[in-house]
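Down below is the structure, laid out as structure tokens.
There are 2 protein chains.
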Amino acid sequence: MAKAPKEKDNLKIIPLGGTNEIGKNLTVIEYKEEIVVIDCGLKFPDDEMFGIDVVIPDVSYLVKNSDRVKGIFITHGHEDHIGALPYVLKQINVPVYATKLTAALINLKLVEHGIQDVVTINIVKPKDIVKLDKLSVEYIKVNHSIADACALAVHSPLGVVVHTGDFKVDFTPVDGEVIDLPRFAELGRRGVVALLADSTNVDREGYTVSESTVGESFKRIFHGVKGRIIIATFASNIHRIQQIIEAGVENGRKIAVSGRSMEKIIPVAMDLGYLKVDEKHLISVDDVRKYPDSQVLIITTGSQGEPMAALSRMSNGMHRKIQVKSGDTVVFSSSPIPGNEKPIFGTIDKLAKLGANVIYGKLEAVHVSGHACKEEIKLIHTLTRPKHFIPVHGEFRMLKEHADLAMKMGMAPSNIVIPENGDIIEVNRRNVKKTGTVNSGHILIDGLGVGDVGKIVLRDRKLLSEDGIITVVVTMEKESAMVVAGPDIISRGFVYVKEAEDLMENARRVVRETLDDCEEKRITDWNVLKTVIKDSLRSYLYEKTQRRPMILPIIMEV
Amino acid sequence: MAKAPKEKDNLKIIPLGGTNEIGKNLTVIEYKEEIVVIDCGLKFPDDEMFGIDVVIPDVSYLVKNSDRVKGIFITHGHEDHIGALPYVLKQINVPVYATKLTAALINLKLVEHGIQDVVTINIVKPKDIVKLDKLSVEYIKVNHSIADACALAVHSPLGVVVHTGDFKVDFTPVDGEVIDLPRFAELGRRGVVALLADSTNVDREGYTVSESTVGESFKRIFHGVKGRIIIATFASNIHRIQQIIEAGVENGRKIAVSGRSMEKIIPVAMDLGYLKVDEKHLISVDDVRKYPDSQVLIITTGSQGEPMAALSRMSNGMHRKIQVKSGDTVVFSSSPIPGNEKPIFGTIDKLAKLGANVIYGKLEAVHVSGHACKEEIKLIHTLTRPKHFIPVHGEFRMLKEHADLAMKMGMAPSNIVIPENGDIIEVNRRNVKKTGTVNSGHILIDGLGVGDVGKIVLRDRKLLSEDGIITVVVTMEKESAMVVAGPDIISRGFVYVKEAEDLMENARRVVRETLDDCEEKRITDWNVLKTVIKDSLRSYLYEKTQRRPMILPIIMEV
């Protein structure tokens, strides 16, 4: 029996994001002196992250080891895989590798951040292998809800690590390019030391339906619609947009586009040849009114009920160019991301009230998922025949279900690791184990601030959101602690003051009595005074209202 | 042809809640000098209603006409049908009519508000008719996800108005009491002038599955589970609880109950005979540890991921008596109410991390809806053969779909009214029309405050939640407007000050320069000063952070 390799010879796999969560995918794979990063995504804030714009992974581990980082290898162009790049590249400027469309989408982001000239993006294509020193990274074609998506195979002296990225198996994809299953099989034959695979839809039975079926639904639905058609989907789903356009053209319609991200991505996708449209079918949103309703199709954003997106603005009558009216047909070509149900249904209701016929939900088959269901996942496990397995991309229950699935397929529990962000997972040809952790976590982005909003600020925002704030200001003489002016009480978000004049006047009285009491007791320590004011006011207000506003006592010294 | 009756002879139907929304159901039916109120429910706040506990309908119309209100007739004991009663009864003390279990649930609420002794609850049973002067109100048995649910028939000289309440058609209900379809048919034969019907599930095809199928699932699942079983459902779903207990007992388990609402409702339901349990099968939560895991079943609350409910506390390790562990099986006997998906999945993940096998979702058939799907709704339309139709209980898209369904069944569009809260809908034997509106809307309850939180307070709470608040205090001499102390700047929820000392110091400098500038220009009007401070600080902070905290300038006079 061979001697176990020394620890430093093991492959290390360190997820810095994307495990026990949906989004901010980032996986580190390292061998000796080389570090390869797979994806660099963001996620959108939870409900409790008040005021936060986006969330990115903590990459302090990469910053500390930046000399060893050979590149960031992107699987595809969705936000949860590329969205953190501008922030991370400002910290470690390393080469980025991506397929053509993905690179173009990354470039749009870099331009927004003004760093497009200082970053190197290397364009690769499926079957390309980027050779580093001991490691090399191979791109493998997969199907997904965005064009140009790839899995990655990281070749190492200890065998291949396969990372599926996001994938589905589509035997009839819109662009005719089927996932490269033979290559997965070949890697399996040669020896996959570890498989990291997408767990998003592991709790769904069977197979994901082919993207091309949606095109058939569009043709069926459009046939016979007399008014305008307005259809919302994700801007990055180029194949979906292709099918919408084809069905619209077949139906004798001109195509207009409304929505910031869509207006940015569609020209790029056309330039690069991912979207094939005869320009004569396209019209500006400004020209929509020049055509009869039966000849108009508008593709738009806002399928998730995002408040500022074009479709939401149409539903609120706030879109400057498109007024929804009776006779319009609005199609949601999407399914709700958990948490978005309420705004989506709100948008549907408003559109229906304006007289539109709104098509949404499963019955009309206007959307399919981009992620593999159980049987497709089993197919990938079967083809790659991995020695070890690490489920990624999912909440804990999904990772666990994916691990269970691997066990049902015959893998020993000891060959499986359910990861947490920051885990160091060491793997060699014989075994896999967690051996430690590195810094990980989420960095909150609020406006221009990166990481300056932490737990305390969020806790304050939550408190403020619940019962508002009461500011108590009193001006006192420094030496004697005698009140010179005030106390003044100003509230925001607590109660409508005109309807609660008595309450506020009594609160002022409570503070004044507290101050008198302190004066008698000769309390001159500002901190003690503030605490006493806070306590007396808090208990008075809770008794009267059963609310707990934040109380902010301020003492001005003269 | 008969002369059209005078307007005052029409029946008036006025929904004050429950249309274009889910919840706070309240419908007014009046004829000449009599007003009958059907249901008096609350709804839970939207995401944007920061800090609000519950929402109730504006009943100022009832208060204004309180001498004409003959009673509030409750269809069943869910919160969206009884939850506003304590608040409304404090404004108009009129008799309440309800079936036995419903009355008991109402009484629990009245006790909480300390008004149980001043309110009259009349207990009725299916087939009872409460005779008023010209109107009379009949209770008709229906099936729903709570025992003792009824539809109402309001008999008038102009014909019968049928209000279904919430209903489903269950031919094999747990208590053996099938919805009284023959009575609906008989009323239809005699002449239903208007049907008001539940629209909750109108967008679902087919039939709702019988409640009794869930019992079969429980037996199948419990069979072979070796560890403890913890099962969460709605406390008011007595028939569900009955089936859980029966399956548990058959499986050789003792039953413990945890969760405030469940601990309150179960004894009441047992007392009244709605829940049939041999007490020897029940144990206290304190005694759970005395039994082997295979003999324990715990029924609990928190199936919607409510943060303070028992199951959520278990998932956080905060439940004082039950620690979830490996080997436990946790069943969510519920489906997510839209908007609750994220907290529910969060709870599932935490339970799975603790080692529990969590069963949720549709595959295991551990939940059925309490609301009629399309075919059941068609059945009610067919049996009651209404002259006019008013869809209720639903968001706009549902009401519209329900109206479309009535039209597909042959009703003329002019015989249908899609209502909005506050609409006066007049109906007689020949036609139906909207003739005006009364005050309606939502009243927000926050702590002890009823209606003292309005748009301004909510807007402030939203602003505060996004970027926090900055208070600027400066003490000035009254006459000269010279600065005596300050400016001091205190922020909450804006930025973590220790990491942003420079920013805050510069902000102070900006304010000081603004004040100097004002002094030079001899500006002494406090309001002008405040505006100038606000403007200069706002633009400085936005430039530096792209955030817009609320800015609260306070000038103290000495």
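Chains C and V are the protein sequences, given in the same order.
Numbering-wise, the UniProt record's numbering puts 496 at position 496 of the first sequence, and it's gapless, one number per residue.
Numbering-wise, the UniProt record's numbering puts 469 at position 469 of the second sequence, and it's gapless, one number per residue.
Glycine included, every Cβ here is placed at the ideal spot set by N, Cα and C.
None of these values were measured; they are calculated from a predicted model.
Start and end residues, beta strand (DSSP E) containing residue i
i, result
"C/Y31", "L26 to Y31"
"V/E138", "S136 to K141"
"C/L16", "L11 to G17"
"C/S156", "C150 to S156"
"residue 560 of chain C", "In the structure as shown, chain C starts at 1 and stops at 558, and residue 560 of chain C therefore has no counterpart that could be examined."
"C/H393", "Note, C/H393: premise wrong, no beta strand (DSSP E); not H, not E."
"C/M550", "M550 to E557"
Candidates the options, of which the one nearest residue i by Cα
i, options, result
"V/E341", "V/E306, V/L351 and V/L541", "V/E306"
"V/K127", "V/H113, V/K530, V/V249 and V/T75", "V/T75"
"C/D467", "C/F167, C/T437 and C/F494", "C/F494"
"V/C40", "V/V63, V/P57 and V/I29", "V/P57"
"V/V288", "V/R320, V/P267 and V/T301", "V/R320"
"V/I230", "V/D166, V/I255 and V/E250", "V/I255"
"V/I456", "V/L42, V/D148 and V/F50", "V/F50"
"C/F73", "C/V28, C/D46, C/L297 and C/A104", "C/V28"
"V/A406", "V/I390, V/V285 and V/N421", "V/I390"
"C/A356", "C/I380, C/M314 and C/M318", "C/M314"
"C/N65", "C/R522, C/E30 and C/Y496", "C/E30"
"V/N251", "V/H281, V/P267 and V/N143", "V/H281"
"V/L187", "V/A151, V/E477, V/E177 and V/V427", "V/A151"
"V/A197", "V/I416, V/Y97 and V/E479", "V/I416"
"C/G302", "C/F396, C/L311 and C/Q295", "C/L311"
"V/Q295", "V/V249, V/H381, V/K408 and V/I523", "V/V249"
"V/D67", "V/E33, V/G449, V/R509 and V/R430", "V/E33"
"V/S145", "V/H367, V/I425 and V/H113", "V/H367"
"V/Q304", "V/T531, V/C518 and V/F44", "V/F44"
"V/K168", "V/I322, V/H81, V/L105 and V/I380", "V/I380"
Residue span of the alpha helix (DSSP H) that contains residue i, given as start and end
i, result
"V/T347", "E341 to K353"
"V/T471", "Note, V/T471: premise wrong, no alpha helix (DSSP H); beta strand (DSSP E) at I469 to M476."
"V/D502", "E501 to E520"
"V/I266", "R260 to D271"
"C/D198", "Note, C/D198: premise wrong, no alpha helix (DSSP H); beta strand (DSSP E) at V192 to D198."
"C/P86", "L85 to Q91"
DSSP bridge partner residues for residue i (one or two, in chain order)
i, result
"C/G449", "C/D446"
"V/A356", "In the DSSP output, where bridge partners are listed per residue, V/A356 has none listed."
"C/S491", "C/I470"
"C/N122", "C/Y97"
"V/T437", "V/D423"
"C/A485", "C/T475"
"V/L297", "V/I229 and V/I255"
Rounded Cβ spacing between residue i and residue j (contact assumed at less than 8 Å)
i, j, result
"V/V192", "V/T384", "5 Å"
"V/L135", "V/V36", "6 Å"
"V/P413", "V/L195", "Wrong, their Cβ atoms sit about 15 Å apart, outside the cutoff."
"C/I123", "C/R183", "That pair is no contact at about 20 Å."
"C/L552", "V/I490", "6 Å"
"C/R547", "V/G447", "4 Å"
"C/L464", "V/S156", "C/L464 to V/S156, Cβ: 52 Å. No contact."
"C/F345", "V/P15", "Contact doesn't hold; Cβ gap of about 20 Å is too wide."
"C/E246", "C/G215", "7 Å"
"V/H393", "V/V427", "So it is not a contact: roughly 18 Å between Cβ atoms."
Proximal residues of chain D, C-beta to C-beta of residue i below 7 Å
i, result
"C/D117", "Judged by its chain identifiers, the structure shown contains no chain D, and its protein chains are C and V."
beta-carbon residue i near the ligand HEM non-hydrogen atom, thresh 8 Å
i, result
"V/V154", "Summarising the ligand content, the structure contains no ligands, and the ligand HEM is consequently not present."
Inter-stretch contact at 8 Å, needing at least 3 Cβ pairs: the stretch 550–558 of chain C / the stretch 478–487 of chain V: yes
Validate contact between the stretch 267–276 of chain C and the stretch 230–245 of chain C using beta carbons, cut 8 Å, 3 pairs: yes
Touching by the beta-carbon criterion (3+ pairs, under 8 Å), the stretch 200–210 of chain V and the stretch 399–414 of chain V: yes
Inter-stretch contact at 8 Å, needing at least 3 Cβ pairs: the stretch 10–30 of chain C / the stretch 411–425 of chain C: At 8 Å Cβ cutoff, the stretches touch.
Three-pair Cβ contact test at 8 Å for the stretch 468–476 of chain V versus the stretch 431–438 of chain C: no
Contact the stretch 221–230 of chain V vs the stretch 321–339 of chain V: 3+ CB pairs below 8 Å: Touching, per the Cβ criterion.
Inter-stretch contact (C-beta, 8 Å, three-pair minimum) for the stretch 148–168 of chain C and the stretch 112–122 of chain C: no
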